[in-house]
Amino acid sequence: MLSYNSHAICHEMNCRTLRRLFKVDAADYMLSLCGDQALRELSSPGKSGSFFYLTSNDQYMIKTMKKAEVKIFLKMLRAYYNHVRSFENTLVTKFFGLHCVKLAGANQKKVRFVIMGNLFCSDHFIHRRFDLKGSSLGRTTDKPQTEIDEYTILKDLDLNFIFRLQKHWYQEFQR
């Protein structure tokens, strides 16, 4: 049983503004998150201990967050908003909401979570998937080369492609 904290951590006006900026339909968003279909938990928590869930339509990913992570997120929120407003085609993750629920019962533990767009929800075939963090420490996949397929999540040091971009796209990428 959950008790929803109606004043979401990320002030709802800010979240609503972000969703409008990203052209997210409010009704579709709520149906994806609160509809009859259950969320799917992804295989295992990351090193951070966070849990990841996908909505049934694969459009949104939900990540649990620790209180310290939430504080950092809130500190960067204004700069994030300014960036995504200025660069419509940004490759930065799209965040749609930051919320907190309190578990009912004796424990009353708070669970904080962020809702973001699922980059892998696409009509295009995805050949390689990467979880890029901008670090090199422990940033290779554990799988042998022969076992890597299109569902394997690769890491920073596995990215060994040479990208050739048209000048216009290169300039956009550099912004």
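In the UniProt record's numbering, the protein residues as written are 1 to 175. Cβ atoms here follow ideal geometry from the backbone N, Cα and C, with glycine treated the same way.
Problem - N- and C-terminal bounds of the beta strand (DSSP E) containing Leu-98 - result: First-last of the beta strand (DSSP E) with Leu-98: 95–103.
Handout entry: Close Cβ partners of Gly-97 (< 6 angstroms) along its chain, the five nearest in sequence each way excluded
Key = Counting only Cβ-Cβ distances below 6 angstroms, and skipping sequence neighbours, we find Cys-15, Ile-115.
Exercise for the section: Report the three-state DSSP secondary structure of Asp-131 (helix, strand or coil). Expected result: Residue state, collapsed to three classes: strand.
Exercise for the section: Spatial neighbours of Thr-93 within its chain, please: CB distance less than 8 angstroms, with the 5 preceding and 5 following residues excluded, ordered by chain position. Expected result: If we look at Thr-93 and ignore the five residues flanking it on each side, its Cβ neighbours are Met-116, Gly-117, Leu-119.
Problem - Short Cβ contact (9 angstroms threshold) for Thr-64 with Phe-52 - result: Yes, the pair counts as a contact, with Cβ atoms nearer than the cut-off.
Handout entry: Residue closest to Lys-23, alpha-carbon to alpha-carbon, out of Cys-34, Glu-88, Met-76
Key = For Lys-23, the nearest C-alpha among the options comes from Glu-88.
Practice task
Counting only runs of 3+ residues fully inside the stretch 18–100, write out the beta strand (DSSP E) ranges in chain order.
Solution key: Runs found: 52–54, 60–65.
Exercise for the section: Decide if the stretch 125–138 is in contact with the stretch 155–163; the criterion is three or more beta carbon pairs, one per stretch, under 8 angstroms apart. Expected result: Touching, yes.
Exercise for the section: Would you kindly work out how many angstroms separate the C-alpha atoms of His-7 and Asn-107, rounded to a whole number? Expected result: No answer about His-7 holds up, because its pLDDT of 44 lies below 50 and its placement is not dependable.
Problem - Chain-order list of residues whose beta-carbon lies under 8 angstroms from that of Arg-19 (same chain, five-residue window excluded) - result: The answer, listed in chain order, is Ala-26, Tyr-29, Phe-96, Gly-97.
Handout entry: Span separating the alpha-carbon of Gln-145 from that of Ser-32
Key = Note on geometry: alpha-carbon atoms of Gln-145 and Ser-32 lie some 36 angstroms from one another.
Practice task
Evaluate Phe-113 with the Cβ neighbour count: other Cβ atoms within 10 Å of its Cβ, from every protein chain shown; 16 or more gives buried, anything less gives exposed.
Solution key: Within 10 angstroms of the beta-carbon of Phe-113 lie 16 or more other beta-carbons, which makes it buried.
Exercise for the section: Just mark Tyr-60 as buried or exposed, buried being the case when its beta carbon has 16 or more other beta carbons within 10 Å. Expected result: Residue environment for Tyr-60: buried (at least 16 other C-beta atoms within 10 angstroms of its C-beta).
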